[in-house]
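Q: Sharing a structure below in C-alpha cells format, with a few things to ask.
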Amino acid sequence: MAWMPPLAGSVAVCTASAEVKAMAARTRNREDEAALVKELLAGNEDAFVTLVREHQRLFLHIARGLVGQSLAEELVQESWLAVIEALPRFEGRSSIRTWMTRILVFRGNNRRKKERRSIPMSAFGDGEAAVEPERFDPEGHWTRPPASWGSSPETVVMDREFQTLLQEAMERLPENQRLVLQMRDVAQLDAREVCDALNISEANQRVLLHRARSKVRAAIAAKLEG
Amino acid sequence: MHSCQQITELVTEYLEGSMPWRERVKFKLHVMMCKHCRVYLKQVEATVAAVGHVPELELPSEVEQTLRRAFRERLRTGRDE
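As given, the protein sequences belong to chains A and B, one line each in that order.
Per the working numbering, numbering through the first sequence is continuous, rising by one, with the last residue being 226.
Per the working numbering, numbering through the second sequence is continuous, rising by one, with the last residue being 1081.
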C-alpha cells in the first residue's frame, strides 16, 4: 500500500472508541433526553407511551435472548412496571435507555438462574471471517476493497430506507450475536455488564460482537455496492 | 505490520479499546496509511451508529392501557412522596 497523507477523517481514527460511543449515543442528544425525562417525571403519559413504543422491540429481543420466546413478553411487561416504579428515582447518570435495559437484564437474569439458561460453547465455534476471504490476495491486501458509502457514511445509513435493511440483517444474525449487538450497540450497556449478564468472558463477548457488526456492515455494503 | 485482512478482524478489538498500546499503534499506523482500511473502519463505525436507531413498535391496546394506568398511578403518588 502506498503512503497517503492523513485525511481529515484520520482524527476520528485516533479517538475511535470515544467517537463510536458518541455516535452511538446520538440516538438522542442530551437536550432531547433531558426534556424527555422532565416530561416523564411530570407525569406526561404520552411521553411514556412513546418511550415504550421506542423500546418495546429492543426489549423483546433482549428478553427473548435471556429467557426464551415464551417468557419474553411477560418479562418485558414486568420490566416496564419496574421501570414505572423506579422512574421517580432516575438520576440521569446514564441514558434512560441504558437504565431501563439494566432493569430488564437484572430481572431477566434472576429468571435465568432459575431456569439455568446459558450460552452454549458452540456459539463461539469455528471462525467466520469479517470479510469474504476472496476479497484479499494471499498476503492479505485488498483485491476488491470496500466501495465507498459516500462522503458521509453515517448519514447514508441513518436513512429510513436502511432501517428495514438493518432490522432484517439483525434478524438473520445467530441469536447470541444479535443479543450482544443489541445490548452493546443499541442499549449501550458496557462490555462488563454484558459479560456478567450472559455469563461469558470478555473475549467471547468481543467475538460475538465482532461477528454481529461485521455481518450487519456486510449487509449494508451488499446493498450499496448492489 | 498488519495485513488489511488482519485489520478487518481487529476492528472490534480496536474500537473496544482493549488492545495493548503497541498493538494499538500498529493498527492506527496501518489505517493512516491505507485508504481502503480507513474506509472499512468508517463503515463499521457508521454501522454501529445506525444500529442504535430502533424503529417504534405499536403496542397491543391492552398492554398500552395497563402501562398507562400504572404510569398514571405511580407518577401521581410519586409526586406526593
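In this text, a Cβ means the ideal position worked out from N, Cα and C, and glycines have one as well.
Only a predicted model underlies this, so the values are computations on that prediction, with no experimental measurement involved.
Are S79/A and R107/A close, meaning C-beta to C-beta below 8 Å?
A: yes
Q: Compare the beta carbon distance of L224/A and A147/A with 8 Å and say whether it is the shorter of the two.
A: yes
Q: What are the residues that DSSP puts in a beta bridge with F136/A?
A: W142/A
Q: Residue range of the alpha helix (DSSP H) that N176/A falls in?
A: 175-181
Q: By the 8 Å beta-carbon criterion, what residues does the stretch 81-115 of chain A contribute toward chain D?
A: As a matter of chain content, chain D is missing from the structure shown, whose protein chains are A and B.
Q: Please check if any C-beta of chain A sits within less than 8 Å of the C-beta of V1039/B.
A: yes
Q: Just checking, does the stretch 180-196 of chain A make contact with the stretch 89-106 of chain A on the three C-beta pairs under 8 Å criterion?
A: yes
Q: Count Cβ pairs between the stretch 91-103 of chain A and the stretch 201-214 of chain A that sit closer than 8 Å; are there 3 or more?
A: Not touching, per the Cβ criterion.
Q: Grouping DSSP H, G and I as helix and E and B as strand, with all else coil, what is F59/A?
A: helix
Q: Between which two residues does the alpha helix (DSSP H) containing M1032/B stretch?
A: 1021-1033
Q: Can you grab the Cα-Cα spacing for the pair Q182/A / V1011/B, in whole Å?
A: 18 Å
Q: The alpha helix (DSSP H) that contains R93/A, what's its start and end?
A: No alpha helix (DSSP H) holds R93/A; DSSP gives it neither H nor E.
Q: Are any of the Cβ atoms in chain B nearer than 8 Å to that of D190/A?
A: no
Q: Check whether the stretch 1042-1051 of chain B and the stretch 1018-1032 of chain B are in contact - that is, three or more C-beta pairs closer than 8 Å.
A: no
Q: Nearest-angstrom Cα distance between K38/A and W142/A?
A: 51 Å
Q: Report yes or no: do the stretch 170-182 of chain A and the stretch 1057-1077 of chain B share at least 3 C-beta pairs separated by less than 8 Å?
A: Taking 8 Å as the limit for Cβ pairs, the verdict is that the stretch 1057-1077 of chain B does not touch the stretch 170-182 of chain A.
Q: At the level of alpha carbons, what is the spacing between V216/A and R1076/B?
A: Using only the alpha carbons, I get a separation of about 43 Å.
Q: Using a Cβ cut-off of 8 Å, pull out every chain B residue sitting near A130/A, in sequence order please.
A: T1008, E1009, V1011
Q: Would V76/A and A63/A qualify as a contact pair, given that the criterion is a beta-carbon distance under 8 Å?
A: yes
Q: Within this structure, are the beta carbons of Q167/A and P1055/B separated by less than 8 Å?
A: yes
Q: Mind pulling the chain A residues with CB within less than 7 Å of L1059/B?
A: V52, R53, Q56
Q: Going by DSSP in three states, D32/A sits in which element: helix, strand or coil?
A: Helix at D32/A.
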